[in-house]
Amino acid sequence: MVAAGAGLSGCSPAAPAGSGSGSGSPAEGAPGSAAGAAAAGELIAAAYLNPQDYDYRQNTTDFKTLFSPLQIGPLNLSHRMVKSAAGSATYLAGLTDELLQYYVQFAKGGVELIWVEMVAALEPPSDGSPASGAALEFGRKLVAECGKYGAKLGYQTYGFPLKPVNDMTKEDIAAFQARYVSTAQQIKQMGFAAFEINAAGFNLGEHFLSRFHNARTDEYGPGSLENRARFVTECIQKIKQACGSDFVVQVLIDCIEENDNLTNNATLATLDNAVTAPHNKVTTIEEGIGLARLIEAAGCDAMHLRLGPLDNHPCQFGSDLYFILNGIEGATGYGTQWDFSRHWQGQLIANHSGAGMLIDIVGRYKEALKIPCGTVTYMDPAHAPDYFEKALAEGKVDFYLMNRPLTVDAEYVNKLKEGRSDEIAPCTRCLHCHIGSNEMNRAMGYCRVNALTQRVMTAKGPKTYELQPAAAAKKVMVIGGGPAGMEAARIAAARGHQVTLYEKTGALGGKLTFAGMVKGPHENLGDLKDYLARQLEVTGVTVVLSKEVDAALIAGEAPDALILAVGSLPGEVGVSGGNVPVIDYDRFMGNNTGENVVVFGSNAQAFDAALWLTVRKKKVTIVTPNPNEDLDKQQSHHAQRFMTTALYALGVKAYPGATIKEIGDGKITIASDYGVETVIPADSIINAADLLPNKSLLEGIGVKEKYAIGDCHEPYNIALAIRAGNDVGRAV
Numbered sequence: 001m002v003a004a005g006a007g008l009s010g011c012s013p014a015a016p017a018g019s020g021s022g023s024g025s026p027a028e029g030a031p032g033s034a035a036g037a038a039a040a041g042e043l044i045a046a047a048y049l050n051p052q053d054y055d056y057r058q059n060t061t062d063f064k065t066l067f068s069p070l071q072i073g074p075l076n077l078s079h080r081m082v083k084s085a086a087g088s089a090t091y092l093a094g095l096t097d098e099l100l101q102y103y104v105q106f107a108k109g110g111v112e113l114i115w116v117e118m119v120a121a122l123e124p125p126s127d128g129s130p131a132s133g134a135a136l137e138f139g140r141k142l143v144a145e146c147g148k149y150g151a152k153l154g155y156q157t158y159g160f161p162l163k164p165v166n167d168m169t170k171e172d173i174a175a176f177q178a179r180y181v182s183t184a185q186q187i188k189q190m191g192f193a194a195f196e197i198n199a200a201g202f203n204l205g206e207h208f209l210s211r212f213h214n215a216r217t218d219e220y221g222p223g224s225l226e227n228r229a230r231f232v233t234e235c236i237q238k239i240k241q242a243c244g245s246d247f248v249v250q251v252l253i254d255c256i257e258e259n260d261n262l263t264n265n266a267t268l269a270t271l272d273n274a275v276t277a278p279h280n281k282v283t284t285i286e287e288g289i290g291l292a293r294l295i296e297a298a299g300c301d302a303m304h305l306r307l308g309p310l311d312n313h314p315c316q317f318g319s320d321l322y323f324i325l326n327g328i329e330g331a332t333g334y335g336t337q338w339d340f341s342r343h344w345q346g347q348l349i350a351n352h353s354g355a356g357m358l359i360d361i362v363g364r365y366k367e368a369l370k371i372p373c374g375t376v377t378y379m380d381p382a383h384a385p386d387y388f389e390k391a392l393a394e395g396k397v398d399f400y401l402m403n404r405p406l407t408v409d410a411e412y413v414n415k416l417k418e419g420r421s422d423e424i425a426p427c428t429r430c431l432h433c434h435i436g437s438n439e440m441n442r443a444m445g446y447c448r449v450n451a452l453t454q455r456v457m458t459a460k461g462p463k464t465y466e467l468q469p470a471a472a473a474k475k476v477m478v479i480g481g482g483p484a485g486m487e488a489a490r491i492a493a494a495r496g497h498q499v500t501l502y503e504k505t506g507a508l509g510g511k512l513t514f515a516g517m518v519k520g521p522h523e524n525l526g527d528l529k530d531y532l533a534r535q536l537e538v539t540g541v542t543v544v545l546s547k548e549v550d551a552a553l554i555a556g557e558a559p560d561a562l563i564l565a566v567g568s569l570p571g572e573v574g575v576s577g578g579n580v581p582v583i584d585y586d587r588f589m590g591n592n593t594g595e596n597v598v599v600f601g602s603n604a605q606a607f608d609a610a611l612w613l614t615v616r617k618k619k620v621t622i623v624t625p626n627p628n629e630d631l632d633k634q635q636s637h638h639a640q641r642f643m644t645t646a647l648y649a650l651g652v653k654a655y656p657g658a659t660i661k662e663i664g665d666g667k668i669t670i671a672s673d674y675g676v677e678t679v680i681p682a683d684s685i686i687n688a689a690d691l692l693p694n695k696s697l698l699e700g701i702g703v704k705e706k707y708a709i710g711d712c713h714e715p716y717n718i719a720l721a722i723r724a725g726n727d728v729g730r731a732v
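At position 422 of the sequence shown the residue is numbered 422 (the UniProt record's numbering), and the sequence of numbers has no breaks.
Listed below in structure tokens is the structure:
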């Protein structure tokens, strides 16, 4: 791993191999594109260690292999897309209809094998007493309701070690295995068809499999592959004995590991003073294949293969996070950077922005095993049809375990099968959907694209997944063609209203186009724009471009309902004078900023600008009147972590709680809220101040039903704009 401060700034410059797919990506030679930057004489920063090739998204396939039969044990499926176990942890209220409907939506959408993540209330009581009638009833109902649409259910359980694996007695081990067996028996009684042992990440199975964690000296120790696999293989054998050979058992393991947090040896030392675990005690591909052979021999029916960073949990299942920083692909979240040509044995597909990055490694497992092998991490056939179909057709992987693409659009499988890929809502890989803990996820988690995720059937969200038809069709006028306006228009039209959307520019998308240029192709913002525009066509919205709406036009149209979604007004720097130019945020890529750039603001736009400038060798300083805890707060918890650690490692200095007191000659003076003044070199100031509401058009308007949504009402981010649009589209 390249060291922070050295590796993030010590690699020879290189430009990406292609521009992104989707109309939101910058065109070659355009301002904001790598090619455009090079043409303008700018240098891509030395931090660009892992060049990307975005020319992998061709769509010429008929998905013959993707929609071919798959057999896992006795289970027969008609396609190769499987819902991975994730989502149950969001629903902390217990065995509710909300939890049931979460999984039923995937069944309705065409998923035929759904893995249900551990639900404590569905498992046997820890005291060994019989399961409650309520648990059995709920489990059977869940199986039956999903079964109506042809879906079968599997159940994943995991076990966090109650004490260090090295301190567990054989009685402790036997008790844990017995717990797995009783859980498998109970979910089989409910009608579940399969059981997955999560032996990856931080779970007990991984602690036995891993030389990093396991320092035992008995038959469960790291002295041989057989010993390391023994805990898992005995679990499989005992479950098969108790539940029958036709009860499917799948095992999830880290198929390759690296240590992302080079300081975490101390953590292990506190658990067991006898343990020393240097960073190179990670599981290699070859070791993993040896372990997988033993797991297969024990009776396992399928393998679920995942990346294994030893500390950063989201990157274990969402390892495309490594590509979220445009120009610092490979950032670890710890202020360091992977060199994908060397780390991970150089075996990851690391030039396609994280899409299908484990496919080649899984292909090596496939050569050694007879059972089906599936893999996870942005496995999204609609995103890159030929690429994902080819991997299946060549036998590198048997099935794709998917979560985010299906969470964004539960109808994904049916739409893809019906040739409606342009109607699939794209995952924008922002990771807002995973906050870091169950409690935080429930309170704060949401999807940028799907306004229902983690909100439907709650006090703060829609009452149902289904749209309720309008009681009476209304003439609805939507002003603004950004994400909030397009979402409001499509929902209102889908409910039966007569909707016309007005956009003052010549194109739809609002700030999505510019955001896509700043962020680069990774977050699929061009795809999101195209999807929302296509939805306006599908739902019959009348779109009027290059038309600025005023009070007279509104009066002439006389709508029954008016939805204002015109975006925000720019914030204010609060000082002028001097010879340092203040550049509007939406113009900073086309301006000569000079070498020393001050970004004024702390929102997501400010940090995106700071990143774009930093990787182009600008010396960036962030100044904001907002407190430290508000830095980059509009981005997801995980994106924020990657952004801040990488930028700080590259020398970006942030001054929270500070204002610009004076603009001088090639410098500015800032004043902190604790009374200290600092002089900073400055050739330009980028105005990324907090945006301001923009609702004046509604003043004096005589429309009875009127709304202001998105940034014009409360500036924040894309996710909340789409949420507001969805809510208003349902309310009108």
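In this text, a Cβ means the ideal position worked out from N, Cα and C, and glycines have one as well.
If the five residues before and after Glu98 are omitted, its C-beta is found closer than 8 Å to the C-beta atoms of Tyr91, Val456, Met457 and Thr458, all from its own chain and listed in chain order. For Gly710, the secondary structure class from DSSP, reduced to helix, strand or coil, is helix. Annotation: the continuous alpha helix (DSSP H) that includes Asp172 extends over Lys170 to Met190.
When DSSP states are grouped into helix, strand and coil, His304 belongs to the strand group. Residue burial annotation: Leu545 is exposed, with fewer than 16 other C-beta atoms found within 10 angstroms of its C-beta. For Met477, the enclosing beta strand (DSSP E) has its first and last residue at Lys475 to Ile479.
In the three-state DSSP reduction, Tyr655 falls in the strand class (E or B). If you compare the alpha carbons of Asn524, Ala507 and Lys519 with that of Ala425, the shortest gap goes to Asn524. The continuous beta strand (DSSP E) containing Ala194 extends over residues Ala194 to Ala199. A direct Cα-Cα distance of roughly 8 Å separates Gln105 from Glu411.
Within the segment 79-104, the runs of beta strand (DSSP E) that reach at least 3 residues and sit entirely inside it are, in chain order, 81-83.
Distance from the CA atom of Gly73 to the CA atom of Leu113, rounded to whole angstroms, is 13 Å. The alpha-carbon of Thr500 is positioned some 8 Å away from that of Ala489. Closest in C-alpha terms to Phe208, from the list Gly154, Gly139, Gly288 and Gly601, comes Gly288. Ala144 and Glu537 have their alpha carbons spaced roughly 36 Å apart. Counting along the chain, Ala671 sits inside the beta strand (DSSP E) bounded by residues Lys667 to Ser672. According to the DSSP secondary-structure assignment, Phe600 is paired through a beta bridge with Val623 and Asn687. Apart from sequence neighbours up to five positions away, the residues of its chain that approach Asp673 with a beta-carbon distance below 6 Å are Gly657, ordered along the chain. Short of 8 Å from the beta carbon of Ile359, and not among the five residues preceding or following it, lie these beta carbons of its own chain, in chain order: Ile349, Thr375, Ala391, Lys396 and Val397. Between Val249 and Leu75, the gap from beta carbon to beta carbon reaches 8 Å or more. In this structure, Ser568 lies near Asp711, with their beta-carbon atoms less than 8 Å apart.
When the Cα atoms are used, Asp630 and Ala654 turn out to be separated by approximately 12 Å. Going by C-alpha positions, Ile253 is about 7 Å away from Asn198. The three-state reading of DSSP puts Gln498 in strand, counting E and B together. With respect to Arg404, His522 sits apart: the two C-beta atoms are not nearer than 8 Å.
Rounded to whole angstroms, Thr614 and Lys417 show a C-alpha spacing of 43 Å. When C-alpha distances from Asp167 are compared across Ile239, Ser126, His213 and Ala229, the shortest belongs to His213. Residue burial is scored here from C-beta neighbours: Phe588 has at least 16 other C-beta atoms within 10 angstroms and is therefore classed as buried.
If you compare the alpha carbons of Gly675, Thr593 and Ala639 with that of Ile686, the shortest gap goes to Thr593. By the criterion of a C-beta distance shorter than 6 Å, Lys108 is surrounded in its chain by Tyr149, once the five residues flanking it on both sides are discounted. Of the other Cβ atoms in all chains shown, 16 or more fall within 10 Å of the Cβ of Asn694; this residue is therefore buried. Under the criterion of beta carbons closer than 8 Å, Val362 and Ile295 do not qualify as touching, at roughly 15 Å. The residue from His497, Leu431, Ala121 and Ala724 with its alpha-carbon nearest to that of Pro462 is Ala724.
DSSP places Phe63 in no alpha helix (DSSP H); its state is neither H nor E. Non-local beta-carbon contacts of Val623 in its own chain, meaning distances under 7 Å to residues more than five positions away in sequence, involve Val598, Phe600, Tyr655, Ala658, Ile660 and Ile670 in chain order. In chain order, Ile563 and Val728 place their CB closer than 6 Å to the CB of Tyr707, counting only its own chain and leaving out the 5 sequence neighbours on each side.
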